[in-house]
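Comments concern the structure below.
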Amino acid sequence: MQKSILLFTDWYEPGFKAGGPIRSCSNFVNQMKEAYQIYVLTTDRDLNDNEPYSGIAADTWIEQENGVKIYYCSPAKLNWKDLHSRINEVEADFIYLNSMFSRFFTIYPLLMNKFNNYKGKVVLSPRGMLKQSALQFKSPKKKVFLSLFKTLGLHKKVHFHATDDTEQEDIARRFGTAVSSSMIPNFPAYVGNYPGSIEKSKGELKMIFIGRLHPIKNLDFLLKLLPEARRNISLTIIGNEEYAAYVEDCKKIIAAYPPNIQVVFEGEIPNQQLPARLAQHHIFVSPTRGENFGHAIFEALKAGRPVLISDQTPWKGLQSLKVGWDLPLGNPQAFIEAIQQAADLDQEGFGEWSYAAWKHVHDFVTQTDLKAAYNKLFS
Numbered sequence: 291m292q293k294s295i296l297l298f299t300d301w302y303e304p305g306f307k308a309g310g311p312i313r314s315c316s317n318f319v320n321q322m323k324e325a326y327q328i329y330v331l332t333t334d335r336d337l338n339d340n341e342p343y344s345g346i347a348a349d350t351w352i353e354q355e356n357g358v359k360i361y362y363c364s365p366a367k368l369n370w371k372d373l374h375s376r377i378n379e380v381e382a383d384f385i386y387l388n389s390m391f392s393r394f395f396t397i398y399p400l401l402m403n404k405f406n407n408y409k410g411k412v413v414l415s416p417r418g419m420l421k422q423s424a425l426q427f428k429s430p431k432k433k434v435f436l437s438l439f440k441t442l443g444l445h446k447k448v449h450f451h452a453t454d455d456t457e458q459e460d461i462a463r464r465f466g467t468a469v470s471s472s473m474i475p476n477f478p479a480y481v482g483n484y485p486g487s488i489e490k491s492k493g494e495l496k497m498i499f500i501g502r503l504h505p506i507k508n509l510d511f512l513l514k515l516l517p518e519a520r521r522n523i524s525l526t527i528i529g530n531e532e533y534a535a536y537v538e539d540c541k542k543i544i545a546a547y548p549p550n551i552q553v554v555f556e557g558e559i560p561n562q563q564l565p566a567r568l569a570q571h572h573i574f575v576s577p578t579r580g581e582n583f584g585h586a587i588f589e590a591l592k593a594g595r596p597v598l599i600s601d602q603t604p605w606k607g608l609q610s611l612k613v614g615w616d617l618p619l620g621n622p623q624a625f626i627e628a629i630q631q632a633a634d635l636d637q638e639g640f641g642e643w644s645y646a647a648w649k650h651v652h653d654f655v656t657q658t659d660l661k662a663a664y665n666k667l668f669s
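The opening position of the sequence shown corresponds to residue 291 in the numbering used here, with each subsequent residue numbered one higher.
Below, the structure written as structure tokens:
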């Protein structure tokens, strides 16, 4: 008989504003739906939206064509009683939690597991939320929760799913090395044929940033460096303006730019539009303070676009492969020099880097068999 997984996540498709976690969950569902009966319990609206998704019924199980069943909770159903009812009616063999601090989609299920003796296996993926760079935001509340988490022994009732070695270390540092855990990378998206290059002239560079406009994404770090590169640069910024004060600080930096630097804020766009926007630029940039996987980085490489990123992601050793640059945030001069190097590429040089970027993720996907590891995790 087919085993079942009940996946909890604050946001799911057709949402896109929460970024990587949605894609992590969606890729997991698409890869595992044939081996398991999958139920997804999520909210009926996107991140920070006041209105629910159009054309989607809330508060009922909706069966998709692929057999996956999704329950979009309205705010009225986000309570202990109704969430407990969803768990009981599904009676899944496994519960898969995809957040560390979500009140309704992690904390409530964990407490239900402790006090109601759920008999299935509970898998908890922190999704990068145990990184020190992530914990510094809303720090007091997170510290209180982590303390209670250990005091109540909740870490002993779950199996942690880390998606890279750094996250495995974060889990051990917070909860000890004796906790049950596995390290399995996220499922990547499908990689098609090489999409091709675009026109490139020496001394000019079209850059694109995709991500939440939040201090952890560290956009202001990049903005402060651009004038020092002394090249003709255009930067497109795509993302949810999550922190208005932070966005205002970024715009103040941009206001002082010389004419050779042009910046455009495009706001947020659905994921399916990202490949077309990436294709219109030369490189992707993300001086992030920490990424669990970096789906936007993957999408850029998949589009054949080199990436200029910090060394706080799983993507390492890029420059020697002519795939991009992964640089320490403590060395801003290295970022300036990378921007100059990218700008100074001619058509032939850029074409070489572009193809190498695509091939890097193409080889990663074709040479990696993650299904066996996930089948073991959910067994």
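Glycine residues also receive a C-beta, built at the ideal position from the N, C-alpha and C atoms. Here the structure is a predicted model, which means the values were calculated and not measured.
Taking the continuous alpha helix (DSSP H) assigned at residue i, which residues delimit it?
| i | result |
| --- | --- |
| residue 650 | 637-656 |
| residue 584 | Looking at the DSSP string, residue 584 is not in any alpha helix (DSSP H), and its letter there is neither H nor E. |
| residue 322 | 310-322 |
| residue 626 | 622-633 |
| residue 666 | 661-667 |
| residue 566 | 564-568 |
Is the CB-CB distance between residue i and residue j below 7 Å?
| i | j | result |
| --- | --- | --- |
| residue 479 | residue 356 | no |
| residue 454 | residue 604 | yes |
| residue 295 | residue 326 | yes |
| residue 494 | residue 530 | no |
| residue 622 | residue 306 | no |
| residue 648 | residue 484 | yes |
| residue 368 | residue 394 | yes |
| residue 552 | residue 524 | yes |
| residue 583 | residue 651 | no |
| residue 411 | residue 384 | yes |
| residue 319 | residue 481 | no |
| residue 417 | residue 304 | no |
| residue 568 | residue 540 | no |
| residue 398 | residue 373 | yes |
| residue 472 | residue 667 | yes |
| residue 308 | residue 337 | yes |
| residue 431 | residue 425 | no |
| residue 543 | residue 513 | yes |
| residue 427 | residue 321 | no |
| residue 611 | residue 646 | yes |
Starting from residue i, trace the beta strand (DSSP E) in both directions and tell me its first and last residue.
| i | result |
| --- | --- |
| residue 539 | From DSSP, residue 539 is part of no beta strand (DSSP E) but of the alpha helix (DSSP H) over 534-545. |
| residue 332 | 327-333 |
| residue 297 | 294-298 |
| residue 574 | 573-576 |
| residue 362 | 359-363 |
| residue 414 | 411-414 |
| residue 488 | Segment: none, residue 488 is in no beta strand (DSSP E) and carries neither H nor E. |
| residue 351 | 351-353 |
Quick one: grab the DSSP three-state call for residue i.
| i | result |
| --- | --- |
| residue 522 | strand |
| residue 452 | strand |
| residue 262 | With the chain represented from 291 up to 669, any question about residue 262 goes unanswered, as that position is not in the structure. |
| residue 370 | helix |
| residue 552 | strand |
| residue 391 | coil |
| residue 420 | coil |
| residue 619 | coil |
| residue 473 | strand |
| residue 428 | coil |
| residue 598 | strand |
| residue 444 | helix |
| residue 384 | strand |
| residue 397 | helix |
| residue 558 | coil |
| residue 346 | coil |
Quick test of your reading: residue i and residue j, contact by CB under 8 Å. State the CB separation rounded to the nearest angstrom.
| i | j | result |
| --- | --- | --- |
| residue 470 | residue 439 | Contact doesn't hold; Cβ gap of about 15 Å is too wide. |
| residue 506 | residue 423 | 6 Å |
| residue 313 | residue 585 | 4 Å |
| residue 528 | residue 499 | 7 Å |
| residue 388 | residue 415 | 5 Å |
| residue 602 | residue 627 | Wrong, their Cβ atoms sit about 19 Å apart, outside the cutoff. |
| residue 660 | residue 474 | 6 Å |
| residue 343 | residue 361 | Not confirmed; about 13 Å, so no contact. |
Check whether the Cβ of residue i sits closer than 6 Å to any heavy atom of the ligand FAD, and report yes or no.
| i | result |
| --- | --- |
| residue 440 | Looking for the ligand FAD in the displayed structure turns up nothing, as the structure carries no ligands at all. |
Inter-stretch contact at 8 Å, needing at least 3 Cβ pairs: the stretch 583-603 / the stretch 635-650: Taking 8 Å as the limit for Cβ pairs, the verdict is that the stretch 635-650 does touch the stretch 583-603.
Validate contact between the stretch 299-307 and the stretch 332-345 using beta carbons, cut 8 Å, 3 pairs: By the Cβ criterion, the stretch 299-307 is in contact with the stretch 332-345, since at least three pairs of Cβ atoms, one from each stretch, lie closer than 8 Å.
At least 3 beta-carbon pairs within less than 8 Å: the stretch 513-521 vs the stretch 546-556: Yes, the stretch 513-521 touches the stretch 546-556.
Stretch-stretch touch, CB-based, cutoff 8 Å, three pairs: the stretch 400-408 with the stretch 343-361: With a cut-off of 8 Å on Cβ pairs, the stretch 400-408 is not in contact with the stretch 343-361, counting fewer than three such pairs.
Cβ pair count under 8 Å reaching 3, the stretch 555-574 against the stretch 477-493: Contact between the stretch 555-574 and the stretch 477-493 is present, because at least three Cβ pairs lie under 8 Å.
contact_flag[the stretch 615-626, the stretch 496-505] where n(CB pairs < 8 Å) is 3 or more: With contact defined as three or more Cβ pairs closer than 8 Å, the stretch 615-626 and the stretch 496-505 are not in contact.
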